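Notes follow the structure.
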Ligand SMILES: N[C@@H](CCC(=O)N[C@@H](CS)C(=O)NCC(=O)O)C(=O)O
């Protein structure tokens, strides 16, 4: 039964790997499952065919036989549960790894998304210069709390898990702001994630598509 995911026909980041299909590709690479990609334009994402698989008209989605999923948290958890290798077998360790997935998505990612909104989408607003430092400090507050966890540890809780995959995916979105580099331990952690062969394959796959689109104009 083949796996099909969706991704941007042309990612707004031009292939930096920030679009969320990269997380799903990475998870599939970690568990060594082949997959196909259906590319969608911004217009197609809002049309009924795509809305039938993603109620909010976004990417990524995941299809496997009769099963259709959206939301990267749910997709990566499904992949980790179905194929093994991304979650510990021991019950409590498994629950803790899943907790880190939620922490990445519910506690760390929201202020990072706010920062992106403030830096990029609200760049022309008169209150931007007042708001930006406040939002940046909310990100710093979370990173300050997270960093001790990785002071002497390679990964969040023992071996690399879906929790790390999600946390690294969330944190690497911060790089352009310069804030990640204020936390060398976290920057190293993200670099360790990116150095994994599975991440490298996922990144290369999305880059190849975006490069081809750029050449096609
Ligand atoms: N919470 C969702 C967020 C999905 C999301 O924001 N996807 C972005 C791409 S990374 C998207 O489709 N943006 C286009 C849009 O919202 O119109 C998830 O984790 O899957």
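In the working numbering, the protein residues as written are 541 to 757. Positions of the beta carbon are idealized from the N, C-alpha and C atoms, including for glycine. Values in this document were obtained by computation on a predicted structure and should not be read as measured data.
Would you kindly work out how many angstroms separate the C-alpha atoms of residue i and residue j, rounded to a whole number?
| i | j | result |
| --- | --- | --- |
| residue 506 | residue 589 | Any property of residue 506 remains undetermined from this structure, which presents the chain solely from 541 to 757. |
| residue 624 | residue 655 | 34 angstroms |
| residue 681 | residue 659 | 18 angstroms |
| residue 563 | residue 669 | 32 angstroms |
| residue 723 | residue 613 | 25 angstroms |
| residue 717 | residue 571 | 31 angstroms |
| residue 665 | residue 671 | 10 angstroms |
Specify, as a first and last residue, the run of the alpha helix (DSSP H) that residue i falls within.
| i | result |
| --- | --- |
| residue 621 | 612 to 623 |
| residue 681 | 668 to 686 |
| residue 743 | 737 to 756 |
| residue 562 | 561 to 570 |
| residue 591 | 588 to 591 |
| residue 719 | Segment: none, residue 719 is in no alpha helix (DSSP H) and carries neither H nor E. |
| residue 662 | Here residue 662 belongs to no alpha helix (DSSP H), and DSSP marks it neither H nor E. |
Using a Cβ-Cβ cutoff of less than 7 angstroms, which residues in the same chain neighbour residue i once the five nearest sequence positions on both sides are dropped?
| i | result |
| --- | --- |
| residue 555 | 746, 747, 750 and 751 |
| residue 637 | 627, 628, 697, 701, 702 and 703 |
| residue 647 | 682 |
Return yes when at least one heavy atom of ligand 1 lies under 6 angstroms from the C-beta of residue i, else no.
| i | result |
| --- | --- |
| residue 601 | no |
| residue 612 | yes |
| residue 592 | no |
| residue 598 | yes |
| residue 560 | yes |
Could you spell out the range, first to last residue, of the beta strand (DSSP E) harbouring residue i?
| i | result |
| --- | --- |
| residue 547 | 543 to 548 |
| residue 604 | 601 to 604 |
| residue 580 | 576 to 580 |
For residue i, I'd like the list of residues in its chain whose CB is within less than 8 angstroms of its CB, leaving aside the five on either flank, ordered along the chain.
| i | result |
| --- | --- |
| residue 558 | 551, 712 and 713 |
| residue 730 | 708, 711, 712, 715 and 720 |
| residue 691 | 725 |
| residue 635 | none |
Using a Cβ-Cβ cut-off of 6 angstroms (strictly less than) and excluding sequence neighbours within five positions of residue i, which residues of its own chain qualify?
| i | result |
| --- | --- |
| residue 675 | 654, 655 and 658 |
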